[in-house]
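> Residue numbers (the UniProt record's numbering): 1 to 185.
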């Protein structure tokens, strides 16, 4: 799984770099800011390459650190309305309030590359929703809880279960998506 997760992270690094270039071309960020963000992406790539060569693998903690860096860049670009690509040429752009435009749910329980750092659970669930294109209801139960990093290629069901482990919450599949529920006592 580490090789696949590393490949998925390399893909995400490339997509983030392209997004920064698009933000610069579209005037969403200055050239100085684009250079700073590109430097962060390049440092992430170099660190991952170095550790992979030295250790022969990249640890879950390192994946989480890299994903936090890329996630912070994504949040900044989201706030500036820069489109986010989710494969198959589907684009999601945020408006000035951070609301997604032109987003359609298309929840398929097929394996997908997921790289979500440990975070506040409600934020992590939102990232999972966008990554998998699966609606998730009941996310208000996640407030105040933390999630573990979820990194790798897996089905949306497996990713959501991994994210909810140890939170006192469980998931249930519903037509076209998922529902988050409290574990029975």
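All residues carry an ideal CB built from backbone N, CA and C; glycine is no exception.
1. In the DSSP assignment, find the unbroken beta strand (DSSP E) run with residue 35 in it and report its ends.
2. From residue 168 to residue 118, what does the alpha carbon distance come to, in whole angstroms?
3. With DSSP as the reference, please indicate the residues paired to residue 153 in a beta bridge.
4. Taking C-alpha atoms, which residue in 140, 105, 115, 157 lies nearest to residue 121?
5. Sorted by chain position, which residues of the same chain lie with C-beta nearer than 8 Å to residue 155's C-beta, five sequence neighbours on each side aside?
6. If you pair each beta-carbon of the segment 36-56 with each one of the segment 64-72, do three or more pairs fall below 8 Å?
7. For residue 137, I'd like the list of residues in its chain whose CB is within less than 8 Å of its CB, leaving aside the five on either flank, ordered along the chain.
8. Considering Cα atoms alone, identify which of 53, 50, 106, 81 is closest to residue 19.
9. Have a look at residue 182 and residue 142 and give me their C-alpha separation to the nearest angstrom.
10. Starting from residue 182, follow its DSSP beta bridges and name the residues at the other end.
11. Going by DSSP in three states, residue 127 sits in which element: helix, strand or coil?
12. Can you say whether residue 6 is buried or exposed, counting buried as having 16 or more other CB atoms within 10 angstroms of its CB?
13. Express the C-alpha separation of residue 36 and residue 55 in angstroms, rounding to a whole number.
14. On a CA-only basis, which of 105, 144, 61 is nearest residue 150? Give me that one, please.
15. Tell me the rounded alpha-carbon separation between residue 24 and residue 185.
Well, looking at it:
1. Taking the first residue of the chain shown as 1, we reach residue 35 at position 35. Careful: residue 35 lies outside any beta strand (DSSP E), inside the alpha helix (DSSP H) at 31-55.
2. Residue mapping note: residue 168 aligns to position 168 of the chain shown, counting from 1. Residue mapping note: residue 118 aligns to position 118 of the chain shown, counting from 1. Those two C-alpha atoms are separated by around 16 Å.
3. If you number the chain shown from 1, residue 153 lands on position 153. Per DSSP, 113.
4. Start at 1 with the first residue of the chain shown, and residue 121 comes out as number 121. That would be 140, whose Cα lies nearest to the Cα of residue 121.
5. Start at 1 with the first residue of the chain shown, and residue 155 comes out as number 155. So the qualifying residues of the chain are 109, 110, 111, 112.
6. yes
7. On the chain shown, residue 137 is found 137 positions in, with the first residue counted as 1. Here the set comprises 174, 177, 178, 179, 180.
8. If you number the chain shown from 1, residue 19 lands on position 19. Residue 81 is the option with its Cα nearest to residue 19.
9. As a working mapping, residue 182 is identified with position 182 in the chain shown. As a working mapping, residue 142 is identified with position 142 in the chain shown. Each residue's alpha carbon lies about 10 Å from the other.
10. Indexing the chain shown from 1 puts residue 182 at position 182. DSSP output for residue 182 lists 169 as bridge partner(s).
11. On the chain shown, position 127 is the one that residue 127 refers to. In the structure shown, residue 127 sits in a helix (DSSP, three-state: H, G or I).
12. For the purposes of this step, residue 6 is taken as residue 6 along the chain shown, with counting starting at 1. Flag for residue 6 reads buried.
13. Numbered from 1 along the chain shown, position 55 holds the residue referred to as residue 55. Numbered from 1 along the chain shown, position 36 holds the residue referred to as residue 36. Going from the Cα of residue 55 to the Cα of residue 36 covers about 28 Å.
14. By one-based count along the chain shown, residue 150 stands at place 150. Cα-wise, what sits closest to residue 150 is 61.
15. For the purposes of this step, residue 24 is identified with residue 24 of the chain shown, where counting begins at 1. For the purposes of this step, residue 185 is identified with residue 185 of the chain shown, where counting begins at 1. Near 52 Å, if we compare the C-alpha coordinates of residue 185 and residue 24.
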